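Chains as they are written, first to last, in my numbering: chain A, 158 to 404; chain B, 74 to 329. Here a beta-carbon is modelled for each residue, glycine too, at the ideal position from N, C-alpha and C. It should be emphasised that the depicted structure is a prediction, and the values quoted were computed from it without experimental measurement. What follows is a set of notes on a single structure, which appears directly below.
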Amino acid sequence: MPRSVVWVLLVGAVGWALLTADVEMAKLTRAGPRLWDFLSRMVPPDLTIWREMLRGLAETLRIAILGTLFAVILSAGFGILASETLMRPAVWRPVRTFLAMVRAIPLILVAMLMVGAVGLGPLPGILAITFHATGMLAKFYAEAIDNVATGPVAALESAGASSLQKLRYGIWPQMAPVILRDTVFRFELNLRESLVLGIVGAGGIGLYIQTYVRSFQYEKAATVTLAIVALVLLSELVNTLLKKRFS
Amino acid sequence: MNAAISLSGVGHEFDGTMALAAVDLTVMPGECLALIGPSGAGKSTLLALMDGRLRGWNGRAEVLGAGLNSDQPPRRQVRADTGFIFQDFALVDRQSVYQNVMNGRLGRTSHWASLWGRFSERDHAVVGAVLQDTGLADLAERRADQLSGGQRQRVAIARCLAQEPQLILADEPVSNLDPAHAEKVLALITSAARKRGIGVVFTSHQPELSQRFADRVVGLRDGRILFDRPSGLISERDVSEVYNGAMADPQLRVVS
Chain A
158 MPRSVVWVLL
168 VGAVGWALLT
178 ADVEMAKLTR
188 AGPRLWDFLS
198 RMVPPDLTIW
208 REMLRGLAET
218 LRIAILGTLF
228 AVILSAGFGI
238 LASETLMRPA
248 VWRPVRTFLA
258 MVRAIPLILV
268 AMLMVGAVGL
278 GPLPGILAIT
288 FHATGMLAKF
298 YAEAIDNVAT
308 GPVAALESAG
318 ASSLQKLRYG
328 IWPQMAPVIL
338 RDTVFRFELN
348 LRESLVLGIV
358 GAGGIGLYIQ
368 TYVRSFQYEK
378 AATVTLAIVA
388 LVLLSELVNT
398 LLKKRFS
Chain B
74 MNAAISLSGV
84 GHEFDGTMAL
94 AAVDLTVMPG
104 ECLALIGPSG
114 AGKSTLLALM
124 DGRLRGWNGR
134 AEVLGAGLNS
144 DQPPRRQVRA
154 DTGFIFQDFA
164 LVDRQSVYQN
174 VMNGRLGRTS
184 HWASLWGRFS
194 ERDHAVVGAV
204 LQDTGLADLA
214 ERRADQLSGG
224 QRQRVAIARC
234 LAQEPQLILA
244 DEPVSNLDPA
254 HAEKVLALIT
264 SAARKRGIGV
274 VFTSHQPELS
284 QRFADRVVGL
294 RDGRILFDRP
304 SGLISERDVS
314 EVYNGAMADP
324 QLRVVS
């Protein structure tokens, strides 16, 4: 496509969005004092709720860990089925289409469906995270399999290695850092996503945020927010350390 | 004495092109044979066939007394007995030099124990000796992707030697090296083979080096053998014929 056409399309899209959005810019001028009032009510954070906060955080962490674990197990199978090098087009094409459809369904919608199916609590959260994460991880795993260099594997076969030995010493060492990087990245995403699952009743600390904000207990909501920020930063730190270790 | 390699009427067609045409070739144990010829002559294809990795060929082929099958790879024992040095080294980059060389033992060692990362004392002894022979002992713990091209080349040779092969096949083992390193590498391969009394077949674009290190030189062009003579009897005309007179001076017709 010519570059000029791309620019016309881009400018057209932005212009359309600006002109047709129902945005009252005047509201922005009134938002400042309100926002300040909202934030000032969050100070100082109420630390007396630390027990509930820890309980909520632990549940969120459990949802993320178990959701990731089950997604990894499912993705291993779907990843193999979606691999272009291991499977025939008649297999990997429909599997990849299915995974794309899974990814296209918003997590919050899946969580609501799961709450409807199995009731309130962490279980629908775990199921929703598992479902949603599998759509992405299986695709990543399939790409990791497809990107393995065939030369070293052929060298091992030539040396008399069996299929399992080729997998253990030729394929896995090439795939492992990619698999680990993608899994840790997905865990971090799962953790962030599971924070909001409580809002629809699917367990975790999201429920506390919703409860405190709706009941105007902003100082308690502030405590929960700080705890979430700490948890996300910690997970990013672990992610970075793991990447360095296994690069 | 049985031949290490015996090919009879071997042919192979690839994408409508005749890669190998009715090739007859015999290599005896302990013999060092060089395959020379221009790019696309069929050298690498012939070597892959000898290694049991080529599919869809016709004719008869025996390596180390075992008949090769055009439809499936050779038995584990035959693959372990045939060492192959790949042109692009084919190392596992994230593994250490030691593990890459140990990979050469996979066809010899206990299958299930190796899957748990356990190798026998003999495996470790062989790898240790090979690392010494190839001058890699000090680099044993270094990752393969942290090595220079020449060092990677030596790891590929060490992996092949760790197999304790009965035959060594080497695809363009010196194509990426300067003349001094090329000599060293060919000396390393051929001396290791002579020490073990095993056959070597290597491909090369360098007729002069091939003559110096091989007992016999085979000229290949368009998948056909043009000549098969002891190295001392290779003439400039032979070399000229196989490279099709791209230049007037055969000495300059050495392609790196």
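For residue i, decide whether its Cβ has a neighbour in chain B, counting only Cβ atoms nearer than 8 Å.
i         : result
Pro279(A) : no
Ala311(A) : yes
Pro202(A) : no
Leu190(A) : Per the sequence shown, residue 190(A) should be read as Pro rather than Leu. Chain B, which has no Cβ nearer than 8 Å to the Cβ of Pro190(A), makes this no.
Gly360(A) : no
Gly292(A) : no
Give me the Cβ distance between residue i and residue j, rounded to the nearest whole Å; I'm assuming they're in contact under 8 Å.
i         : j         : result
Gly361(A) : Gly282(A) : 6 Å
Gln160(B) : Asp244(B) : 5 Å
Val312(B) : Leu108(B) : Not a contact, Cβ separation roughly 13 Å.
Leu106(B) : Asp288(B) : 7 Å
Gly363(A) : Leu352(A) : 6 Å
Gly223(B) : Leu261(B) : 11 Å between Cβ atoms; not a contact.
Thr186(A) : Leu231(A) : Not confirmed; about 50 Å, so no contact.
Ala153(B) : Gly180(B) : 3 Å
Ala134(B) : Leu80(B)  : 5 Å
Met175(B) : Asp206(B) : With a Cβ gap of about 15 Å, Met175(B) and Asp206(B) do not count as contacting.
Val305(A) : Leu348(A) : That pair is no contact at about 29 Å.
Quick check on residue i - is its C-beta less than 8 Å from some C-beta in chain A?
i         : result
Arg149(B) : yes
Asn176(B) : yes
Gln236(B) : yes
His254(B) : no
Ser221(B) : no
Ser117(B) : no
Leu179(B) : yes
Asp124(B) : yes
Glu314(B) : no
Ser187(B) : yes
Apart from the five residues just before and just after residue i, which ones in its own chain have a Cβ nearer than 6 Å to its Cβ?
i         : result
Phe344(A) : Thr225
Leu293(B) : Leu108, Gly110, Ala114, Gly115 and Lys116
Val335(A) : Ala301
Leu234(B) : Val203 and Ala265
Asp339(A) : Phe297
Near residue i, which residues of its chain fall below 7 Å by C-beta distance, leaving aside the five closest residues on each side in sequence?
i         : result
Gln367(A) : Gly355 and Ile356
Arg46(B)  : For chain B, the structure presents residues 74 to 329; residue 46(B) sits outside this window and is missing.
Leu264(A) : Ala285, His289 and Glu350
Arg232(B) : Asn173, Val174, Asn176 and Gly177
Give every residue of the same chain whose Cβ lies closer than 8 Å to the Cβ of residue i, excluding the five residues on either side of it in the sequence, and list them in chain order.
i         : result
Met210(A) : Ile362, Tyr365, Thr380, Val381 and Ala384
Asp166(B) : Arg216, Ala217 and Asp218
Members of the region 313 to 329 of chain A near chain B, C-beta cut-off 8 Å: So the list reads Leu313, Glu314, Ser315, Ala316, Gly317, Ala318, Ser319, Leu321, Gln322, Arg325, Tyr326 and Gly327, given in the order they occur along the chain.
Check each residue of the region 190 to 217 of chain B: if its Cβ is closer than 8 Å to any Cβ of chain A, include it; give the result in chain order. Those would be none; no residue qualifies.
Got a sec: which bits of the region 260 to 287 of chain B sit with their beta carbon under 7 Å from any beta carbon on chain A, in order along the chain? So nothing in the stretch comes that close.
Of all the residues that make up the region 153 to 171 of chain B, which are near chain A by a beta-carbon distance shorter than 7 Å? For the region 153 to 171 of chain B, residues whose beta-carbon sits nearer than 7 Å to a beta-carbon of chain A comprise Ala153, Phe157, Phe159, Asp161, Ala163, Leu164, Val165, Arg167 and Gln168.
In chain order, what residues of the region 130 to 150 of chain B put their CB closer than 8 Å to some CB of chain A? Answer set for the region 130 to 150 of chain B: Pro146, Arg149 and Gln150.
For the region 248 to 271 of chain A, which residues have a beta carbon sitting closer than 7 Å to at least one beta carbon of chain B? Residues of the region 248 to 271 of chain A with a C-beta less than 7 Å from any C-beta of chain B: none at all.
The region 328 to 342 of chain A: which residues have C-beta closer than 9 Å to a C-beta of chain B, in chain order? Cβ contacts with chain B: Pro330, Gln331, Ala333 and Pro334.
What residues in the region 213 to 227 of chain A bring their beta carbon closer than 7 Å to a beta carbon of chain B? Of all residues in the region 213 to 227 of chain A, none has a Cβ within less than 7 Å of some Cβ in chain B.
For the region 77 to 93 of chain B, which residues have a CB atom closer than 9 Å to at least one CB atom of chain A, in sequence order? Result list empty, no residue passes.
May I have a chain-ordered list of the alpha helix (DSSP H) segments no shorter than 4 residues that lie completely inside the region 227 to 267 of chain B? Here no run is fully enclosed.
May I have a chain-ordered list of the alpha helix (DSSP H) segments no shorter than 4 residues that lie completely inside the region 271 to 355 of chain A? Counting whole runs of 4 or more residues, the region 271 to 355 of chain A contains the alpha helix (DSSP H) stretches 279 to 303, 307 to 315, 320 to 323 and 329 to 354.
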